[in-house]
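Single-structure report; data block below.
And the structure:
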């Protein structure tokens, strides 16, 4: 998949396209349905399959103080979209200028001119342009004069609950890992770089990788979780703490993971931590010995949970 950054440097694509547009934070199952439909339509008519997204959440420009935390970094979003069969991904810089564009200017200048759209495929609740005035109906009305048709893809529901980025954020903030796993089609994960921590874990027999998470990224509510850690192509089970180490006096909120069956130094390396189940609330212990005993239990429960998940996967094999 070719990745293009614009709009100032956005050249005209080489041939007509089916284009989809959205913030696509999380690249959840609802987004995936839109991408599948766009790729299907493009292949049917021998057109390019193009996606347009933005380098930041629009609320970071509109209302920065209350902008939602992001489910995925831009780099992770690009990677996830790239696995879905698109030919071109356009990443537009969302700034005050782009925010001021009326829907008609975006449709003509980006969709019709630069991307040569013959069909525009979006979620049925999609909005765009200044003050979010543009909708799927706007695209349908503008399309005939600009050379494209517009299609709204129905929203995805699972068990009666609508899949959305906001519902995933709420669940993660509450420490619920089940719904994000269902809605994303994969465990919720946090990307970051391993930095030097206080070093107490080594002395307790549980050396942890302390993750420096980029600003504005979503992290789960405070607590202890079972999950995995991905270092390059290697995956390890992990017992993960999100909290402030109250046993040792409150510290800044952090994410640290004890990697099961790992012996090495990850400092300075990129790491992805995935969360599959919440084990317990973060607690303050009266002694280090009591904390160590609880950590032993956390690790044992993590092994049990991951073993059950693995057994379930094996059971699905033909």
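In our numbering, the protein residues as written are 117 to 434.
In this text, a Cβ means the ideal position worked out from N, Cα and C, and glycines have one as well.
Cα-Cα separation, residue i to residue j
| i | j | result |
| --- | --- | --- |
| residue 196 | residue 143 | 7 Å |
| residue 133 | residue 259 | 14 Å |
| residue 359 | residue 188 | 20 Å |
| residue 193 | residue 168 | 12 Å |
| residue 372 | residue 331 | 16 Å |
| residue 200 | residue 148 | 8 Å |
| residue 205 | residue 165 | 9 Å |
| residue 306 | residue 329 | 7 Å |
| residue 284 | residue 419 | 25 Å |
| residue 280 | residue 262 | 30 Å |
| residue 212 | residue 136 | 22 Å |
| residue 433 | residue 272 | At residue 433 the pLDDT is 44, less than 50, meaning the model places this residue with poor confidence and gives no usable figure here. |
Where residue i sits in the DSSP three-state scheme
| i | result |
| --- | --- |
| residue 284 | helix |
| residue 271 | coil |
| residue 230 | helix |
| residue 117 | coil |
| residue 131 | coil |
| residue 211 | coil |
| residue 402 | coil |
Sequence-distant residues of its chain with Cβ nearer than 8 Å to residue i (five each side left out)
| i | result |
| --- | --- |
| residue 274 | 145, 298 and 299 |
Beta strand (DSSP E) segment containing residue i, residue limits
| i | result |
| --- | --- |
| residue 389 | 386 to 396 |
| residue 344 | 339 to 347 |
| residue 328 | 325 to 328 |
| residue 369 | Here residue 369 belongs to no beta strand (DSSP E), and DSSP marks it neither H nor E. |
| residue 168 | 164 to 170 |
Residue i: first and last residue of the uninterrupted alpha helix (DSSP H) it sits in
| i | result |
| --- | --- |
| residue 149 | 145 to 160 |
| residue 220 | 219 to 222 |
| residue 359 | Segment 350 to 359 is the beta strand (DSSP E) holding residue 359; no alpha helix (DSSP H) there. |
| residue 299 | 294 to 300 |
With 16 other Cβ atoms within 10 Å as the buried cut-off, status of residue i
| i | result |
| --- | --- |
| residue 348 | exposed |
| residue 385 | exposed |
| residue 127 | exposed |
| residue 191 | exposed |
| residue 390 | buried |
Own chain partners of residue i with C-beta closer than 7 Å, once the 5 adjacent residues on each side are dropped
| i | result |
| --- | --- |
| residue 173 | 139, 141, 183, 184 and 186 |
| residue 210 | 170, 171, 172, 174 and 177 |
Nonlocal neighbours in the same chain, by C-beta distance under 6 Å from residue i, ignoring five residues either side
| i | result |
| --- | --- |
| residue 397 | 339 |
| residue 123 | 208 |
| residue 256 | 266 |
| residue 288 | 296, 304, 334 and 336 |
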